[in-house]
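Colleague: Each protein sequence line maps, in turn, to chains D and A. Going by the numbering used here, the first residue of the first sequence is number 1, and it counts up by one from there. Going by the numbering used here, the first residue of the second sequence is number 1001, and it counts up by one from there. Ideal placement from N, C-alpha and C gives every residue a C-beta, glycine not left out. Structure provided below as structure tokens; questions to follow.
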Amino acid sequence: MFPWLARRLLSSLLMIVLLMTMVFAVVRLAPGDPLEAGVVETVESRDRELLRQRLGLDEPLADQYLRWVAGSLRGDWGTSLRQQRPVVDIVREAAGPTLLLSLTAWLLHLVLAVAAAVVMAARRGSTLDHLVGGVGLVLLSLPGFWLGLMLTLLFARQLGWLPAGGMHGADAALLPAGARLLDLLRHLVLPTLTLALGSFMATARYTRAALDEALGQDFILAARARGIGERRLLWRHALPHALLPLVTLAGLQLPQLLGGAVVIEVVFGWPGLGRVAVEAIGARDYPVVMAVTLLSAVLVTAGSLLADLGYRRADPRVGLSDGVTP
Amino acid sequence: MSQPAAPLTMAGTADRAGRARTPGALALRTGAGLLATVTLVALAAPLLAPGDPAVLGEAADRLLSPSPAHPLGTDVLGRDVLARLVHGSRVSLLAGWLCALVAVAVGTAVGLAAGSGPRWLDRLLMTLTDACLAFPRIFLVLLIVSLTKPSLALTMAVIGLTGWMGVARLVRAETLSLREREFVAAARGLGLSPWRVNVRHVLPALWPTIIVAASLRVGSAILTESFLSFLGLGAQEPTVSWGAMIQAGRPVLLEAWWLSTFPGLALALTVVGCNLLGDGLRARLDPRQEAGRDG
């Protein structure tokens, strides 16, 4: 276990260093210097020179790189050019809403995926199977931002059941705790639904394939021979077997969901990392962009590490000592 | 596991194979049909579109709801939505195919090199692939696109160049298994150069994998392009794109629902077409159902 874990941790660390280098390279090797890309048009050329010095943009690239890496590792991600406050604070404020949205959507997507997979596998080849598969394929093909707009149009504008965007109502600060939670939940429904509806079919297809494979194995035949009902067979015997690959998939879904959250946050005005990134990109606020990109990459690396660990815990056949990672 | 229970398993596989063949063919036909329709529309856009998509209407023509004169209504500037929709298909399809082409070309080259090259090269390329895969791709695309002046060409290049990782992994895995096959060993044994073995013997055997991966990538490239256009980072006016049309309709969503709705439906139909085609091709060419994950 420990040699494997040590090696895996080391490779994750290497990965993060590689990612940091990539982020730095992309931002700094692009033509023009960040100050010229229109961050602060109002700055006089004399002040611009001062600002460049203060930001360290006049130093050699290698020094800037080392300083950025060292700072990032210490948790010092510089100062936002536009908001003139530490990037760490901005990211910290935005991380909560993004995690809330992504995790809720991830849970819903998992529930929908397993339900769809079980329905399709249980009624294999039936009209219901094709119907669920077809509807899922269409949902998978929809542009997420458009689905969000349409759900807003229907549920917020036409029916008036749910708020159209944001995370809190205008009067949320004045409400008692219970009502405030309800307010938050009401704001959470549409973004979560949009994110989960657009992604569950990808997972459902994998789960369904795994279920089909599990159902074809000898232990199912043996259980059926012992007179166990089809429903119990599916839920208690085949499904646990099929959920194993889902552990790895869950880790792989993280980049997908984080990427999807960017789209959804923009449409719903959700104050998360994606919206911060898009706004920072519009303003060429490159310290913020670098921080958000790096943070998301670290989250994803951590996610895949956790998925690997989970997989090894869940499947006793995979030795914890060997170094082969899927 | 090792001893298959003859009758039941046989029935099971026969049933499975039978089930897989029919929807595979249906998906292939439907997908190809949808995609062919959109492609025809894109090619014949100037002939099919009722009028010029850029012609501004009179003040009285603004935000007209769908009517016989304007089947899909008019937009904020009085331009005909149907005409714009027809012309917008060009950007989406071009972006989809070109990005997929770039992604598949790079992915195949990397995968082939990693799968057939020396061990250190394999290690190096796969570490790089994993690092790129660990980025939520949209952040990388946003980062690069935002650092320069937005243009369609740049957007397409970036989408293509950030989408090769999934293909690289598939091609590498396939190459590794092909390397052990007899016809490749025979080619090597005849003294052919590694380059010749790869190009003339391994690559042709990889085609099914590559075609399936490409067709599944077209749809996701179209969606990424539409999102970037939606953010104003893709195609710029006067080029019409569906993503930008959806964005333009957003402020007046309640008064003029047709502005955002129809481009979205067009996108959905096109991407459904691509995904059906990919599924159908996969069912036919690649019985192992190895899914090409979105890189």
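(1) Report the start-end ranges of each alpha helix (DSSP H) in the segment 1128-1205 of chain A that is 4 residues or longer and not cut off at the edges.
(2) Please name the residue in A/His1201, A/Leu1176 and A/Ser1177 whose C-alpha comes closest to that of A/Arg1188.
(3) Rounded to whole angstroms, what's the CA-CA distance from D/Val39 to A/Leu1112? Just pull it up for me.
(4) Starting from the beta carbon of A/Trp1257, find every residue of chain D whose beta carbon is closer than 8 angstroms, and list them in chain order.
(5) Using the three-state DSSP reduction, which class does D/Pro143 fall into: helix, strand or coil?
(6) Determine the DSSP secondary structure at D/Asp76, reduced to helix, strand or coil.
(7) Terminal residues of the continuous alpha helix (DSSP H) containing D/Phe200?
(8) Does the Cβ-Cβ distance between A/Gly1031 and A/Gly1280 come in under 7 angstroms?
(9) Using a 10 Å radius around the Cβ and a threshold of 16 neighbouring Cβ atoms, would you call A/Ser1241 buried or exposed?
(10) Which ranges does the alpha helix (DSSP H) cover as unbroken runs of at least 4 residues, wholly within the segment 234-287 of chain D, from first to last along the chain?
(11) At the level of alpha carbons, what is the spacing between D/Ala164 and D/Leu211?
(12) Could you tell me whether the segment 1128-1140 of chain A touches the segment 1159-1176 of chain A, where touching means 3 or more Cβ pairs closer than 8 angstroms?
(13) Determine the chain A residues that contact D/Ser296 at a beta-carbon separation under 7 angstroms, and present them in chain order.
(14) Please classify D/Trp235 as buried or exposed, where buried requires at least 16 neighbouring CB atoms within 10 angstroms.
(15) Hey, could you find the ends of the alpha helix (DSSP H) A/Val1076 is sitting in?
(16) In three-state DSSP terms, what is D/Pro60?
(17) Among A/Leu1072, A/Gly1088, A/Ser1089 and A/Thr1175, which one has its Cα closest to the Cα of A/Leu992?
(18) From the DSSP output, read off the bridge partner residues of A/Asp1080.
(19) Quick check: what's the CA-CA separation for A/Gly1033 versus A/Ala1214?
(20) Beta carbons nearer than 9 angstroms to chain A: which residues of the segment 134-160 of chain D have them?
(21) Can you round the beta-carbon distance between D/Met334 and A/Ala1114 to whole angstroms, since I take them to be within the 8 angstroms contact cut?
(22) Is it buried or exposed for A/Val1110, if we count other Cβ within 10 angstroms and need 16 for buried?
(23) Three Cβ pairs or more, each shorter than 8 angstroms: is that satisfied between the segment 225-235 of chain D and the segment 105-113 of chain D?
(24) When the Cβ atoms of the segment 249-268 of chain D are set against those of the segment 197-216 of chain D, are three or more pairs found closer than 8 angstroms?
(25) From the DSSP secondary-structure annotation, give me the bridge partner or partners of A/Pro999.
Modeller: Working from what's here:
(1) 1137-1147, 1152-1161, 1165-1179 and 1182-1189
(2) A/His1201
(3) For D/Val39, the predicted model reports a pLDDT of 49, less than 50, meaning its position is unreliable; a value from the coordinates is still stated below. Approximately 43 angstroms between the Cα atoms of the pair.
(4) Within 8 angstroms Cβ-Cβ: Leu153.
(5) The answer is coil: DSSP assigns D/Pro143 none of H, G, I, E or B.
(6) Coil at D/Asp76, not helix or strand.
(7) Ala177 to Leu215
(8) yes
(9) buried
(10) Qualifying alpha helix (DSSP H) stretches, in chain order: 239-268 and 273-282.
(11) Those two C-alpha atoms are separated by around 38 angstroms.
(12) yes
(13) Pro1136 and Phe1139
(14) D/Trp235 is classed as exposed because its beta carbon has fewer than 16 other beta carbons within 10 Å across all chains shown.
(15) A/Val1076 -> no alpha helix (DSSP H), and no H or E assigned at all.
(16) coil
(17) Shown here, chain A extends from 1001 to 1295; a query on residue 992 of chain A therefore has no answer.
(18) Per DSSP, A/Thr1074.
(19) 18 angstroms
(20) Taking a C-beta cut-off of 9 angstroms against chain A, the contacting residues of the segment 134-160 of chain D are Leu137, Val138, Leu140, Ser141, Leu142, Pro143, Gly144, Phe145, Trp146, Leu147, Leu149, Met150, Thr152, Leu153, Arg157 and Gln158, listed in chain order.
(21) Residue 334 of chain D falls outside the range modelled here, since chain D spans only 1 to 326, and no answer is possible.
(22) buried
(23) Proximity of the segment 225-235 of chain D to the segment 105-113 of chain D falls short of the contact definition, fewer than three beta-carbon pairs being nearer than 8 angstroms.
(24) yes
(25) Chain A is shown from 1001 up to 1295; residue 999 of chain A falls before or after that span and cannot be answered.
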